[in-house]
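FYI, the numbering for the sequence shown is 15 to 424, going by the numbering used here.
We put the CB at the ideal spot given by N, CA and C, even for glycine.
Comments concern the structure below.
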Amino acid sequence: MIDLTLSPGTSTLTDRIRAARNYILFTTKYHLFHDALNKTANSSGSSEEDVKFDTVKASLGEHPEDTMFYQAYKQLYPNASRTFRRTKDEQAWSATFIGMFSTDRGGPYRDSITRICADLCSTRLSLFILCPNGRTNSGSNRDRWIPNVFPPNRPIPDEYKNQYRFVGQLMGMAIRTKNLLDIRFPILLWKQLVQEIITIEDIEAIDIQSFTIINEMEENIKQVKILNKYEESDANNDCDYLFSSIMSELTFDVISSAGQTYELIPGGFHIPITATNFEDYCIRYRQYRINEFHRQIEFIRQGLYNIVPSAYLSLFTAQELEEAVCGKGYIDIEMLKRHTDYHDDSESSPYIERFWIVLSQMFSEEQKKLFLIFVWGRSTLPNRDEEFSTNFTITRLDSSGNVDETLPSK
15 MIDLTLSPGT
25 STLTDRIRAA
35 RNYILFTTKY
45 HLFHDALNKT
55 ANSSGSSEED
65 VKFDTVKASL
75 GEHPEDTMFY
85 QAYKQLYPNA
95 SRTFRRTKDE
105 QAWSATFIGM
115 FSTDRGGPYR
125 DSITRICADL
135 CSTRLSLFIL
145 CPNGRTNSGS
155 NRDRWIPNVF
165 PPNRPIPDEY
175 KNQYRFVGQL
185 MGMAIRTKNL
195 LDIRFPILLW
205 KQLVQEIITI
215 EDIEAIDIQS
225 FTIINEMEEN
235 IKQVKILNKY
245 EESDANNDCD
255 YLFSSIMSEL
265 TFDVISSAGQ
275 TYELIPGGFH
285 IPITATNFED
295 YCIRYRQYRI
305 NEFHRQIEFI
315 RQGLYNIVPS
325 AYLSLFTAQE
335 LEEAVCGKGY
345 IDIEMLKRHT
355 DYHDDSESSP
365 YIERFWIVLS
375 QMFSEEQKKL
385 FLIFVWGRST
395 LPNRDEEFST
405 NFTITRLDSS
415 GNVDETLPSK
């Protein structure tokens with residue numbers, strides 16, 4: 015029996031199987047995982063928790079405690095390990111919007127998920143921050159949000175730990191019920207969740223400037239040593255001059271992804287970088303950047319594994335896990351067409367054809383998301399045809415009817 019829950023480096027056989035995850039057919043992994051989800055589900059007809067949301071406070075409040083995410087966290091986290099283990103299309107909670115006189119037949123629930131996700135990828139909470147590329151408007155992945163950074167030698171407060179675990183539990187709920195989450199996290203986060211190795215390239219994907227200085231210095235030192243092969247000069251003296259003239263103000267510290275400065279070793283603020291210790295500095299610098307979010311993501315992973323079986327999850331790639339939680343990242347109009355009913359009309363009707371042309375060719379991806387939120391209360395489509403439980407319906411408006419009475423009610 016192979017234990018796929020073991021950490022990397024613990025078992026050679028487990029590591030080899032994980033290394034081959036890209037070559038294992040997705041359908042094989044999916045069926046194994048799906049069977050495990052069914053065996054560990056905890057629905058049995060039990061009613062959902064009734065979560066009361068103060069949407070006015072969520073919209074106008076200025077504090078993290080006012081957000082939809084925090085309201086959900088306070089009411090759901092204590093029992094989430096039980097109530098989130100639902101089956102496909104089941105609701106993990108029933109949403110009541112205070113003062114809105116809403117009846118939750120699916121619409122308020124889906125809307126609450128959409129608003130919770132919007133809070134996570136915003137400045138209203140301090141769990142996640144926009145990545146450096148996004149803040150400097152440079153490089154790729156500018157829309158990705160990374161875990162906030164905490165001092166490396168201090169424990170993360172318990173309240174933050176639990177909120178990160180709750181984020182992981184929401185991911186597990188999305189996998190089980192197919193109510194996908196519109197969250198924009200970088201690939202390095204998904205890699206750690208499935209125990210893939212995070213690389214320098216993953217860090218540069220969210221912070222294009224992260225290794226610029228040390229890469230340039232390493233290249234300069236390399237060039238100095240090459241030149242000294244052809245000239246009779248002391249390479250050590252030249253390197254010392256390079257550091258004293260160019261790197262004289264740098265010490266054993268690092269600027270984090272959030273902009274704070276931390277020591278890489280005790281007393282690092284007062285230890286200058288020299289030709290002698292530069293290699294040690296580079297090792298410590300790279301180690302810090304690669305492990306900068308490790309603790310935060312580990313709490314997310316604990317929450318995720320609290321809801322879904324961890325054994326089979328490590329067979330999936332980071333990209334496959336992201337798709338299982340967030341969907342494809344774009345609105346598949348052809349799939350939506352396959353799951354659309356036409357009331358008193360057909361797909362070939364002129365106004366139906368015009369509708370699909372506008373939606374597919376004239377709407378941006380963000381506008382398509384807003385359209386889904388308006389008609390369905392969620393911003394993503396299911397990943398596969400078999401995951402649709404309700405079809406989209408297009409109904410012609412009676413010319414004598416009141417337009418306002420046709421607004422979505424569920």
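For residue i, three-class secondary structure by DSSP
{"i": "L195", "result": "coil"}
{"i": "S126", "result": "helix"}
{"i": "P146", "result": "helix"}
{"i": "V268", "result": "strand"}
{"i": "F67", "result": "strand"}
{"i": "D84", "result": "Contrary to the premise, residue 84 reads as Tyr rather than Asp in this sequence. Here Y84 sits in helix by DSSP."}
{"i": "P286", "result": "strand"}
{"i": "E277", "result": "strand"}
{"i": "I220", "result": "coil"}
{"i": "E407", "result": "Sequence inspection shows Thr at residue 407; the Glu mentioned does not correspond to that position. Residue state, collapsed to three classes: strand."}
{"i": "I31", "result": "helix"}
Opening and closing residue of the beta strand (DSSP E) in which residue i lies
{"i": "I112", "result": "Element bounds for I112: n/a, residue is neither H nor E."}
{"i": "P161", "result": "159-161"}
{"i": "G371", "result": "According to the sequence provided, residue 371 is Ile. The question's Gly does not apply to it. From DSSP, I371 is part of no beta strand (DSSP E) but of the alpha helix (DSSP H) over 364-371."}
One or two residues paired with residue i in a DSSP bridge
{"i": "F313", "result": "DSSP, once it has assigned bridges, lists no residue as partnering F313."}
{"i": "W204", "result": "Partner(s): none; W204 has no beta bridge."}
Start-to-end residues for the alpha helix (DSSP H) that takes in residue i
{"i": "I212", "result": "Per DSSP, I212 belongs to no alpha helix (DSSP H) and is neither H nor E."}
{"i": "E380", "result": "379-390"}
{"i": "T24", "result": "First-last for T24: undefined, no H or E at that position."}
{"i": "L39", "result": "From DSSP, L39 is part of no alpha helix (DSSP H); its letter is neither H nor E."}
{"i": "R96", "result": "94-97"}
I'd like to know if the stretch 156-165 and the stretch 75-92 are in contact, where contact means that at least 3 CB-CB pairs between them fall below 8 Å. With a cut-off of 8 Å, the stretch 75-92 and the stretch 156-165 do not count as touching, because too few Cβ pairs lie within range.
Jot down the residue ranges of each uninterrupted beta strand (DSSP E) in the stretch 293-367, minimum 3 residues, whole runs only, in chain order. You should have 354-357.
Using 8 Å as the Cβ pair cut-off and three pairs as the minimum, do the stretch 187-201 and the stretch 163-175 touch? No contact exists between the stretch 187-201 and the stretch 163-175.
contact_flag[the stretch 136-155, the stretch 100-115] where n(CB pairs < 8 Å) is 3 or more: At 8 Å Cβ cutoff, the stretches do not touch.
Taking three-plus beta-carbon pairs below 8 Å as touching, is the stretch 398-411 in contact with the stretch 347-358? Yes, the stretch 398-411 is in contact with the stretch 347-358.
Would you call the stretch 372-380 and the stretch 218-231 touching, i.e. three or more CB-CB distances under 8 Å? Three or more Cβ pairs closer than 8 Å define a contact, and the stretch 372-380 falls short of that threshold against the stretch 218-231.
Closer than 8 Å is the cut-off here; do at least three beta carbon pairs connect the stretch 333-342 with the stretch 383-391? The stretch 333-342 is not in contact with the stretch 383-391.
Could you tell me whether the stretch 142-155 touches the stretch 210-226, using the rule of 3 or more Cβ pairs below 8 Å? In the pairwise beta carbon analysis, the stretch 142-155 is classified as touching the stretch 210-226: at least three pairs are separated by under 8 Å.
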